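J.:
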Amino acid sequence: SFICPEGEELKRRNFNKKRQQFEYMASMKTCGRCHLLDQCTRSKTGRSLKR
């Protein structure tokens, strides 16, 4: 897992076989109440990253 700038955990959600990448996401419930949201992501569904 990964940790966002506010200290919340991004949990592994999906695996893209073609690209050999995992997708890690924070819930919108968590991101929606965060004061750093505008600085952290432009997504309407919360922060995610692929590794």
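With the sequence shown counted from 1, adding 10 to any position gets you the working numbering. Built from N, CA and C at the ideal position, the CB exists for glycine as well. These numbers come from a predicted model, not from an experiment.
Quick check: what's the CA-CA separation for Cys14 versus Lys54?
T.: 16 Å
J.: If I follow the unbroken alpha helix (DSSP H) through Gln49, where does it start and stop?
T.: Annotation: the continuous alpha helix (DSSP H) that includes Gln49 extends over Leu47 to Cys50.
J.: Would you mind stating whether Glu33 and Ser58 have Cβ atoms separated by less than 8 Å?
T.: yes
J.: Among Arg61, Gly42 and Lys60, which residue has its Cα nearest to the Cα of Glu16?
T.: Gly42
J.: Quick one: grab the DSSP three-state call for Lys54.
T.: coil
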